[in-house]
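Going by my numbering, the sequence shown wraps up at 253, each residue one higher than the last.
Every residue gets a Cβ at the ideal spot worked out from N, C-alpha and C, and that includes glycine.
Here is the structure we will look at.
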Amino acid sequence: MASPVTAILGLGREVGDAVARRFHELGHNVLAADASGDRMLTAQNAMPEKVLLHLGDLHTKLGLRNAVAAAVEGFGRIDNLIVIPSIDDPDSIHDFQQDKFDKALARTVRGAAQSLKVFAERIADQADLPTSGAERIRQRGTVTFVLSYSALATMPGRFTESVTQAGVLGVVRAGSLDLAEAGIRVNAIVAIRPREEKMESWTSKRTPLGRAALADEIADAAAFLASPEAAIITGEVMRLDGGRSGLAGILD
2 MASPVTAILG LGREVGDAVA RRFHELGHNV LAADASGDRM LTAQNAMPEK
52 VLLHLGDLHT KLGLRNAVAA AVEGFGRIDN LIVIPSIDDP DSIHDFQQDK
102 FDKALARTVR GAAQSLKVFA ERIADQADLP TSGAERIRQR GTVTFVLSYS
152 ALATMPGRFT ESVTQAGVLG VVRAGSLDLA EAGIRVNAIV AIRPREEKME
202 SWTSKRTPLG RAALADEIAD AAAFLASPEA AIITGEVMRL DGGRSGLAGI
252 LD
């Protein structure tokens, strides 16, 4: 039976490497893509040798088509996308500059929409993988976005990050409805990422479990959402927040 093919678009600081390793362990053929040459060099040392690497922009139609084409050329097809949009540096509304803001929206929100369109076009042109059991509901493809916690809740000094991450969440919700008929599921993981724990000493006071999500935990969540076991799940947000969303106030 042919192995499923998963492309990771954007590697983040740690999460993309963990996602690539997890899907490789599960028997997927994996392509990992990023727009930064330096980040790709780092990834080369952190990923299994069989992971295919692709350097190129990931927010334009051409760049995204090139990334998908690289996966198809390398492995013959594509079945899953894991999209990790970039996170903008801290800023406030007082720092607002239209050109800078427009570029941030292009990299994230517009890029998210383009990735759904490009992926759906490719899925429409390829045959389905064989199913493993008559009871399994068929899925043709999945897209999972990995977002920062600012997609749901924010704080002063994270204006652009909060707007762009929440905007991508809107793409997930609307896109999941448009692509459901085609058998493509679209979901999001919203996580307190490892970098936040390093930056913010008060994370433990605002999180009942006392820590951020580990990169490997985010990778496990992505693997589940891309699996046939999640065939009924689309348009949803999986929160990896250690209980923060249910907490009123600050822990002593």
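Cβ neighbour criterion (16 or more within 10 Å) applied to residue i
i: F160; result: buried
i: R78; result: buried
i: Q99; result: exposed
i: G38; result: exposed
i: A71; result: buried
Alpha carbon of residue i to alpha carbon of residue j, nearest angstrom
i: L106; j: S4; result: 35 Å
i: R266; j: E122; result: Given that the chain is displayed from residue 2 to residue 253, the structure contains no residue 266 and the question cannot be resolved.
i: S228; j: A152; result: 24 Å
i: P157; j: I94; result: 9 Å
i: V52; j: I251; result: 42 Å
i: L148; j: Q166; result: 6 Å
i: A220; j: E50; result: 18 Å
i: M41; j: K62; result: 21 Å
i: R22; j: A216; result: 11 Å
i: D92; j: R245; result: 23 Å
i: L241; j: A125; result: 32 Å
i: M239; j: L170; result: 11 Å
i: S116; j: G57; result: 14 Å
i: R111; j: D96; result: 22 Å
Residue i (DSSP reduced to helix, strand or coil)
i: D92; result: strand
i: S205; result: helix
i: V144; result: strand
i: D18; result: helix
i: H29; result: coil
i: T235; result: coil
i: S116; result: helix
i: L241; result: strand
i: S163; result: helix
i: G11; result: coil
Pair within 9 Å by beta-carbon distance, residue i and residue j
i: H55; j: N67; result: yes
i: F146; j: A183; result: no
i: I9; j: A36; result: no
i: V20; j: A224; result: yes
i: I185; j: A222; result: no
i: V173; j: N188; result: yes
i: E26; j: D90; result: no
i: G176; j: I85; result: no
i: M48; j: V31; result: yes
i: F120; j: L82; result: yes
Neighbourhood of residue i by C-beta distance below 7 Å, restricted to the same chain and skipping five residues each side
i: D80; result: P5, V6, T7, L130 and G142
i: A181; result: T235
Cutoff 6 Å; reference residue i; Cβ partners in own chain excluding five residues on either side
i: Q127; result: R78
i: R108; result: H60 and S87
Nonlocal neighbours in the same chain, by C-beta distance under 8 Å from residue i, ignoring five residues either side
i: G243; result: I193, T208, P209, L210, G211, R212, A213 and A214
i: L248; result: R207, T208 and P209
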